[in-house]
Each structure stands twice: as C-alpha cells, then as structure tokens.
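Here the protein sequences line up with chains A and B, keeping their order.
The numbering of the first sequence is our numbering, which starts it at 94 and goes up by one.
The numbering of the second sequence is our numbering, which starts it at 94 and goes up by one.
Cβ atoms here follow ideal geometry from the backbone N, Cα and C, with glycine treated the same way.
Take a look at the structure set out below.
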Amino acid sequence: MTYKHTARTALRGLTTNRSRSFLTILGIVIGITSIMLVVSLGAGAQALILGQIQGLGTNTIAVIPGREPTSPSDVTSLYSDSLKEKDLTALKNKANVPGLKSIMPVVFGAGAGSYGANAYQISVFGATELMQEIFDLHPRGEFFTSEDISARADVTVLGSKIVERLFDGTDPLGQKIKIKGRNFRIIGVLPQSGGGSLFNFDDMALVPYSTAQDYILGQKHFSRLIIQAESDIMVSSTAEDIKLTLRESHNITDPTKDDFTVQTQQDLANRLSTITSALTYFLVAVASIALFVGGVGIMNIMLVSVTERTREIGLRKALGATDRDILSQFLLEAVLLTAIGGVIGIILGAMLAFGISIGLSKGLGVDWQFVFPWNGAFLGLGVSGLIGLIFGSYPAKQAAKKSPIEALRYE
Amino acid sequence: MAIIVNIIEVKNLKKLYHDGETETAALTGVTFNVRKGEFLAIMGPSGSGKSTLLHLLGLLDEPSGGSYIFNNKDLTSYTRDQLADLRNREIGFVFQAFNLLPRTTVLENVILPLNYSKVPESKWIQKAKAAINSVGLSHRLYHTSAELSGGEKQRVAIARALVAEPEIIFADEPTGNLDSKSGQQVMSIIQGLNQNEGKTVVLITHETSTAEHAERIIRLMDGGIESDKPVKNRLTAKDEYIK
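As structure tokens, this is what we get:
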C-alpha cells in the first residue's frame, strides 16, 4: 500500500467520526497550547529582562563582596565585608585599571522612615551622583552631587511608594524625612518604576553612600562597586585588571580564595537567561503531564476504534492487506490525530501568548515583546507526533495481529 | 484429450478447534480437487464444516492437518504476508454480509483490493469502473453503500472480488441476505463469470436451488464429505448476465 493511500485511508478513518476525533485530541491541544504559552512567555520575559540589563550599559561591571559559594555550607562566602575604601582608591588608580571610566560604590540596607506621624520601613540605597546616569533616573527636583558625597550631606531622593505612604498628598520636595532618627532633606522624587521593571526604586530612599555608611548603616565596607569600562571591548580586560588589583589589595595569591566576585553585564545576562530557561523547562515539564494524559486518551480511543472496526480489518486482510498495511493505517491515524492536535495547539498557544503579551504590556506598562516560539512549535509538533507513535503503536499492533477470519467473524 | 488442470488439490484436510481442554473437529479430513474453470457448490447443514472449508480454501485460515496445493503452490511454508499477497492477486471473495466499507462510495469500495496490489495507481479507476460496469452499476459509482439495496450491495461486492482479476471466486452464501429476485440476479452474474469468463467459482450455500447453478456439488456432513456429484439438471439464472 502506498504512503499516500495509507494517509488517505487514515484520514478517512478520522473524519468519519469527527466529534470523537475532536474530543480525543483535546488533551493534546491543551498540552501543546500550554507548552507554546510557557515557551513564548518565557522567551518574552527573557527578552524583557535582558533588554533592561542591556539598558544599564553593556560596559558596566559589578564587584560583589564574597566569592561564589562553592558548597551549601560555604556560608562565609555570602556575607562579607571585603570591599573597603582602600579598594576604591586602588581601583581608581589608572595604573592599576587603565580601562576604568568611572566607579560608584554602593551600600544598601533597611531603616525605619517617618514623616510626621506616618512611619514606613524603607530600603536605603547609598550611591554616588553616577547612579542617575547608570540607571537613567529622571527625578522631579534634583539628584545629589559629588559635593554632597564629600560633605556626607543629609539629602535624599525618594521612591514613589515612600512618598505615597508617608506624605498623604503633601509635596515632599524640600520637606524633611526621618531615616533611622536622622533628618534628611528631600531634594528629588522618582517617578513610579512600574511592576515589571527589573530595577525597582519605588521603595527606596537614595542617599549619598558616605552618608549612608556613617549615619544610617554604620558600616565601613561597600555592598557593591559599580564600574563602567571605557568601552564595550574593554570590559573583559578591565574585569581582569579589577580582579588583579583587588587580589593585590587583599593579599590574595590563590584566585580560588578570592573574597570578591567580579560580574560583567554579560555574566548577569547569562545567569538570568539560565534562570528563566530553567523556569521555562520546569513549566514545560508540568505542561507535558497534560500531553501524557492526552496520549493515554488517544490510546484508549484507538483501542475502541480497533475493536469497532474489527470486521473492516478482517475485510482488508481478506482483500490482501498485510499486517504491516494494517499497522501503518492505524499508527498513521494516531499520529495524524495527535499532529492535528499539535497544530491546533500551536496556533491556539501563539494566539493566547500574543493576547497575554499585549495585556502585560498595557497592564504593567512594560515593553513586553510577543515572541513566536519556533522552538516551542517544533517541539510541540515533534512531541505530539511522537505521542501518536508511542500511544498509537499498541492499538495498531493489536489491529495488525488479528487473524483475518476471526476479524471477519467478529459480531 | 484435454489436459485437466487443477486449481485446488486438497488431501486429508483437517481443522481442529481447541477450547480449553475440549477439541472440536470442524473438518475431519477431506480430499478433493477443483478444476480450473469449474463451478463447484459446497452444501451442508449448519455445523457441517462448509464455512471452515471455504476459509481454508480462501487462505483466510490455516489447516490443522493435511495438504493444500493452490494453483500449483504448496502453501505449507507460506508466510502471512505471502498469503495476503496471494489472496490479493488470485482470489476474490463474496461474503453473505457484503462487507462493504460504510460511508464509502461504490467506486472506492471496488478500488479497495487494488490499494494492496502492485497495479499502478493510474489504472485503478479504469479497472474499478470496468468491474462495476460488468455488474451493471455504472450509474451508482459515487453512491455510498448506505444508499444501495441489498442486491446492489452484493453486486458491488462481486465487482470488488473481480477488480484484481483473480483466478478464482469464493462466494460464501452470496444470496443468503437477499430476496429471491436479487438472489437470481446475483447468481446470474456469478454463473456468467464462470461460463463467459472462465473464472473458477467455489460457492457455499445451504439452498439446493442455489447450488444447482453449479456443475458439481460436494455435500458435507459432520466435517467430512458425504457426497461429491455432478449436477444433472443444471439451472441457468433467469436474468440475463449483465455485461
């Protein structure tokens, strides 16, 4: 029997019982739709996060105290006060790190904030004037200056949520907010960052790092050092120079004993990509359960179909069909059934993902791009076909091994 | 003297059925030959083994003992696929229950055996139309089986049996589900196939009036041959053979 004819026969087998065929593939449709949705939204989330990271500038390098934990018990690596003022001085030295364009020490912590009778637990973010450029901040009012840093000035730029919680509609500009018992003059107010933004300053009070170290957090070390390289191509050499300088400053000879981590934007992007991919795979695995259930449904219906069509099988065999002909016919029916389910699932999944991406863009005010997941589509089509093959093979084998005379006699 | 060529040579053919520990003999050992071009009727009451014999002769079932030489081929070592191929090329079946595919047109039903044959697809429609024409149903090509009368259904089944141009036609109670007029028409076609086209026909029936269209009648009783005689006053179907 030719492939063309096997396909035509299989298709006829399916179309004679349309509503049953449709209900049978529903499980596959739901499974593939979920996979498409998850993969598409995963890709959209990844694109959004990477876009935001790249928005920071690809020449940005972060130095984090402590090393990457080597084992779960390697706790000391997580809490470290290894980055100090002398490191800042060493890194600023052009002889040590020639590719360094600018450096910003960052400290962060939490503290009670109050205005009048209102109180709110706020996050304190100590930085320099470079912060405005790096994070592309546009406050109403002003941002603190290098003079404010050297003078340890009691000035702050507030996030929108703090303003909302503490000021009851009063214009906070020029007012004084108490943070950990010390009065700070509000010189700027940030607009709302939006829920989908990777860097959310809505809950934060931005202050000069020197002020934060001495008067709020009481620490001498830095939480981060944010460095900008002269250009993108100098990022890796600059990162190397930073490591060498810090090792020298910390008297470290064995690189595995580093008490700091240098992270480029590329590292961060890779790391976040890995996380979103892992999440996507996990969700795909969950959606696969629906596919498996759909496959069992296919097997069940195919077994019913084989029993119902026992006489037809007998007739075909009497007329010259071989076991292989019957096997291919029923196997192809199962594969066609699941493949059709796969195609419907792909279209439905893409449409849903498109709708959700529009909803997310409008609802969260972020630039969420719809991504058609080609990999999800190919995966979906492949997996659904494979499910047809796997779950269709048992009923097809049952059909093929029927003896022609027993099949013809079947009532 | 004309040389007699046998298409079927059966020696001591047996068929036993096992049901748990009980063994039932459907055929106790039958021996006979069928000439090429002969019209043989096999008769017998229910349970005499006539259907079992037809299934063995039609290669639909395997015997428990004895030998069967079909068209000069000893089938002992034939595989399932080889038997399927032989059924497709050399045997045509007509069943009592017609066994047409539902929701399928006359043309497609008749093409069915060609699906499994080596006949090129370009010739399928032409061959099927010729077979349908030979049973007088050219005006019903695109009707589905549900739209046909019983007699028409059986004529489609005959066209399907003829389409691959087999040597032999096995007909299992072909008039059993038909009224007498349709039965006559079907017998007329079957007789015509034998007399005009030289096809060998093996017909199973329990009606003497149907059996007497044949040249020879084998009567079975309890799985064995009771008698094997030529028909003296052979009947000719009243309806004209539709060509």
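Short CB-CB distance (under 8 Å) between residue i and chain A
i	result
A177 (chain B)	yes
K336 (chain B)	Because the pLDDT at K336 (chain B) is just 40, under 50, the model does not fix this residue reliably, and the point stays unresolved.
H148 (chain B)	yes
P206 (chain B)	yes
R180 (chain B)	yes
V103 (chain B)	no
Interface flag, residue i vs chain B, CB-CB below 8 Å
i	result
L107 (chain A)	no
P488 (chain A)	no
P497 (chain A)	yes
R404 (chain A)	yes
According to DSSP, residues forming a beta bridge with residue i
i	result
F186 (chain B)	B:F263
F353 (chain A)	A:P158
F320 (chain A)	Phe is not the amino acid found at residue 320 (chain A); the sequence shown has Ile there. A:I154, A:I196, per the DSSP bridge assignment.
A220 (chain A)	A:P301
V295 (chain B)	B:L133, B:F263
Y110 (chain B)	B:T117
T237 (chain B)	B:T198
M37 (chain B)	Past the boundaries of the shown model lies residue 37 (chain B); chain B is included only from 94 to 336, so the question cannot be answered.
V389 (chain A)	Looking at the DSSP assignment, V389 (chain A) forms no beta bridge with any residue, so it has no partner.
N287 (chain B)	Paired residues: none, contrary to the question.
F125 (chain B)	B:V103
G413 (chain A)	None, per the DSSP bridge assignment.
R309 (chain B)	B:L133, B:P323
K271 (chain A)	A:S207, A:N276
I215 (chain A)	A:G204
For residue i, the three-state DSSP class (helix, strand or coil)
i	result
R278 (chain A)	strand
S275 (chain B)	helix
E319 (chain B)	strand
N189 (chain A)	coil
A210 (chain A)	coil
D529 (chain A)	Outside the shown range of chain A, which is 94 to 504, sits residue 529 (chain A), and nothing can be said about it.
S160 (chain B)	strand
I480 (chain A)	helix
G204 (chain A)	strand
L194 (chain B)	coil
F471 (chain A)	helix
V98 (chain B)	coil
V103 (chain B)	strand
T338 (chain A)	helix
L251 (chain A)	strand
G448 (chain A)	helix
N165 (chain B)	coil
R233 (chain A)	strand
I345 (chain A)	coil
K177 (chain A)	coil
Contact list for residue i against chain A, beta-carbon separation under 8 Å
i	result
Y209 (chain B)	M94, R409, L412, G413, A414, T415, D418
F125 (chain B)	None at all; the shortest Cβ gap to chain A is about 21 Å.
R173 (chain B)	T415, D416
L200 (chain B)	Within chain A, no residue comes near L200 (chain B); the closest Cβ sits about 14 Å away, beyond 8 Å.
L286 (chain B)	None at all; the shortest Cβ gap to chain A is about 18 Å.
D112 (chain B)	None at all; the shortest Cβ gap to chain A is about 14 Å.
F186 (chain B)	A411, L412
8 Å Cβ cutoff met for residue i and residue j
i	j	result
K292 (chain B)	I318 (chain B)	no
L286 (chain B)	G244 (chain B)	no
Y308 (chain A)	R340 (chain A)	no
D154 (chain B)	T415 (chain A)	no
E235 (chain A)	I280 (chain A)	yes
K104 (chain B)	G159 (chain B)	yes
S450 (chain A)	F463 (chain A)	yes
G124 (chain A)	S486 (chain A)	no
A220 (chain A)	M197 (chain A)	yes
N99 (chain B)	V123 (chain B)	no
7 Å Cβ cut-off: residues of chain A touching residue i
i	result
R248 (chain B)	What R248 (chain B) touches in chain A: nothing, since even the nearest Cβ is about 17 Å away.
L194 (chain B)	E405
Partners in chain A for residue i, counting only beta-carbon separations shorter than 9 Å
i	result
D315 (chain B)	The premise fails here: D315 (chain B) is roughly 21 Å from chain A at the closest Cβ pair, so nothing lies under 9 Å.
L153 (chain B)	G407, K410, A411, S496, P497, I498, L501
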